[in-house]
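Chains as they are written, first to last, in the working numbering: chain A, 4 to 315; chain B, 13 to 313; chain C, 319 to 345.
Report on the following structure.
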Amino acid sequence: ASDAIFYYDEAAQAKLQQEKPWVNDPHYFKRVKISALALLKMVVHARSGGNIEVMGLMQGKTDGDAIIVMDAFALPVEGTETRVNAQADAYEYMVDYSQTNKQAGRLENAVGWYHSHPGYGCWLSGIDVSTQMLNQQYQEPFLAVVIDPTRTVSAGKVDIGAFRTYPEGYKPPDEPVSEYQTIPLNKIEDFGVHCKQYYALDITYFKSSLDSHLLDLLWNKYWVNTLSSSPLLGNGDYVAGQISDLAEKLEQAENQLAHTRFGSMLTPSQRKKEEDPALAKIKRDSTKITVEQVHGLMSQVIKDILFNSVRP
Amino acid sequence: AASSSSGLTFKLHPLVILNISDHYTRVKSQAAQHHLATGNGGAGDLPPPRVYGCVIGVQRGRTVEIFNSFELLYDPSTHSLDRAFLEKKQELYKKVFPNFYILGWYSTGSEAQESDMHIHKALMDINENPVYVLLNPAINPAQKDLPVTIYESELHVIDGSPQLIFVRSSYTIETVEAERISVDHVAHLKPSDGGSAATQLAAHLTGIHSAIKMLNSRIRVLHEYLVAMQKGDIPCENSLLRQVSSLLRRLPAIESGKFQDDFLMEYNDTLLVTYLAMLTNCSSAMNELVDKINTAYDRHS
Amino acid sequence: KGMRKHTALDKWNTQLRSLYPTICNRV
């Protein structure tokens, strides 16, 4: 039963394309299911770009209110935050790759694009929103996925978000509730201006029965890599950047406090948005940095005890 | 032959294994549905399909690291892989992964077959010493080892004539940090949202605990084996004894002034970050308190 | 190698030191 999802029903997908149930409901798609393979490919590609934003396409299908991502492939495009629709540079590549995929039996069409935000979180910038709006105009159904490979390595868990934009001028009836994430000061304006123009979808993952079997057996090998990984040592620049950003936010918060009578009290508009006061946000950011550092140190201390306190 | 004598070290990334698995599952799923649709009986009657593809990566000296793979087409007329398709795919992959070269090919099945050598030889003009990665897709819950075999080819004289035969090569699983985290993520299907600090800590420590448990179980097996050797229950194996002795002499793993300095530096930096974060939390709490005091004792409101 | 991190930590410390009197002065 878990492998049934791997079958591509061309007729059913063609029928959906004709019916287009998403046209009348800007919030139609609510869920994303990503295959184990697609996730691995996207994260590895994102990390390989280092501090440069990279991008790729996702192939899959739809199932009710869910978009199912079966596979992903990298595009020869970098610096996706420098221009709208950066993928236009790779149209020829996309066509060639999709054709070869179809020949090899990968029948799914493109259902979205992914790109990386190294170190600054999973959200859509102004350029991303414009790109996605264009995609949703001409290539529906289409999804935008953002991966932060730096935070993935720093936190030890995959930092990923899936988004769809609202049509131009559309005002959603309810304020979208999103999980808090640290946004660097130099990106806060871009984040704040556009955060109402899109919503996040719930992400779940799936794998085949053979994937499950192989992943269980893989653990018998890569436990060594788990034990030998050192999160403290790989991300020094990112941590320094986070701390520096935190200090700047503190400076800003202090300037605000010096000029207000009730510093931690919310203004009526802030209370309406259920926003946290500035210092409370800084507190959360500093806690996150600390938790990651402490986790990294725990690993180092445990390994030191295991391997260095033994004497012949 | 049982083992290779080339001296090459093979490192295989989990992405390659999942790629092959996905390829196989998809082809099997399509074939099964087609079989059902044409009314030719149950999907269980179908023999497992064979899939083919290329493996790509880098070779640095004697180390061959297989990073990725892509699917290929089997050309039944030539009993080999579709060359034009391979070259097209290679061109596309070179644009995105310019540092990766074709290292060999993959297929699925329980063991290498004679016809596989034909495919293997055809690839020798691209890579003079290609590897053959074979995944056995049969799911056996009692299995402990990965059902992946890497073969090289060697020239052996058999019945007086030189022949290329497949020889097994050992390999290790290699991951980059991001890959390991993703594999862990899908293997244990962890939620990608934050969770509370306690949940995060539990997840982190559980991972380390599981890894140490694996290490512990292997040490116990070795220990019991050595005790049995000492008692004479099993014959003495000198090469194993030498390996164990060499391993023990490597402990402590790192013992130098430089390591101590760096380790304590990291330790103290983390303590400092914790201390500053605590002070930040106190500032925030203090600020809220001041506001409450101001509100409570404000003459104007 | 750790200069960037230590410079950032120093900045954090400086900001906290400057924040305390600001908060106290608001009483």
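Glycine residues also receive a C-beta, built at the ideal position from the N, C-alpha and C atoms.
Nothing here was measured: the structure is a model prediction, and the numbers come from that model.
Interface flag, residue i vs chain A, CB-CB below 8 Å
| i | result |
| --- | --- |
| residue 101 of chain B | yes |
| residue 335 of chain C | no |
| residue 232 of chain B | no |
| residue 138 of chain B | no |
| residue 22 of chain B | no |
| residue 277 of chain B | no |
| residue 112 of chain B | no |
| residue 204 of chain B | Residue confidence for residue 204 of chain B is low, a pLDDT of 48 falling below 50, so the modelled location carries little weight and cannot support an answer. |
Any non-hydrogen atom of the ligand ADP within 7 Å of residue i CB
| i | result |
| --- | --- |
| residue 85 of chain B | Questions concerning the ligand ADP fall outside what the structure shown contains, since it holds no ligand whatsoever. |
Short CB-CB distance (under 8 Å) between residue i and chain C
| i | result |
| --- | --- |
| residue 281 of chain A | no |
| residue 220 of chain B | no |
| residue 34 of chain B | no |
| residue 240 of chain A | yes |
| residue 94 of chain B | no |
| residue 295 of chain B | yes |
| residue 310 of chain B | no |
| residue 281 of chain B | yes |
| residue 305 of chain B | yes |
| residue 298 of chain B | yes |
| residue 247 of chain A | yes |
Within-8 Å CB hit, residue i to chain B
| i | result |
| --- | --- |
| residue 230 of chain A | yes |
| residue 322 of chain C | no |
| residue 186 of chain A | no |
| residue 255 of chain A | no |
| residue 66 of chain A | no |
| residue 71 of chain A | no |
| residue 100 of chain A | yes |
| residue 155 of chain A | yes |
Those residues which DSSP pairs with residue i across a bridge
| i | result |
| --- | --- |
| residue 333 of chain C | None; residue 333 of chain C has no bridge partner. |
| residue 65 of chain B | B:83 and B:118 |
| residue 221 of chain B | In the DSSP output, where bridge partners are listed per residue, residue 221 of chain B has none listed. |
| residue 175 of chain B | B:168 |
| residue 38 of chain A | A:209 |
| residue 346 of chain A | Outside the shown range of chain A (4 to 315) lies residue 346 of chain A, about which nothing can therefore be said. |
Per-residue DSSP class, three states only, for residue i
| i | result |
| --- | --- |
| residue 163 of chain B | strand |
| residue 245 of chain B | coil |
| residue 146 of chain B | strand |
| residue 213 of chain B | helix |
| residue 203 of chain B | Residue confidence is low: residue 203 of chain B scores 49 on pLDDT, short of 50, so the model does not pin down where it sits. No coordinate-derived value is stated. |
| residue 181 of chain B | strand |
| residue 152 of chain A | helix |
| residue 62 of chain A | strand |
| residue 342 of chain C | helix |
| residue 187 of chain B | coil |
| residue 53 of chain A | coil |
| residue 43 of chain B | helix |
| residue 119 of chain A | strand |
| residue 112 of chain A | strand |
| residue 21 of chain B | strand |
Whole-angstrom distance between residue j and residue i, CA atom to CA atom
| i | j | result |
| --- | --- | --- |
| residue 170 of chain B | residue 126 of chain B | 15 Å |
| residue 341 of chain C | residue 287 of chain B | 19 Å |
| residue 5 of chain A | residue 216 of chain A | 12 Å |
| residue 224 of chain B | residue 301 of chain A | 14 Å |
| residue 211 of chain A | residue 113 of chain A | 21 Å |
| residue 98 of chain B | residue 103 of chain A | 10 Å |
| residue 177 of chain B | residue 128 of chain B | 10 Å |
| residue 138 of chain A | residue 204 of chain A | 17 Å |
| residue 304 of chain B | residue 256 of chain A | 18 Å |
| residue 248 of chain B | residue 226 of chain B | 26 Å |
| residue 242 of chain B | residue 108 of chain B | 56 Å |
| residue 60 of chain A | residue 98 of chain A | 11 Å |
| residue 21 of chain B | residue 276 of chain B | 35 Å |
| residue 297 of chain A | residue 116 of chain B | 43 Å |
| residue 197 of chain A | residue 132 of chain A | 7 Å |
| residue 246 of chain A | residue 272 of chain B | 25 Å |
| residue 86 of chain B | residue 96 of chain B | 11 Å |
| residue 82 of chain A | residue 332 of chain C | 35 Å |
Neighbour-count burial assignment, residue i, 16 or more Cβ in a 10 Å radius
| i | result |
| --- | --- |
| residue 313 of chain A | exposed |
| residue 228 of chain A | buried |
| residue 234 of chain A | buried |
| residue 163 of chain A | buried |
| residue 66 of chain B | buried |
| residue 328 of chain C | exposed |
CB contact check: residue i to chain D, cutoff 8 Å
| i | result |
| --- | --- |
| residue 290 of chain B | Protein chains in the displayed structure are A, B and C, and chain D is not among them. |
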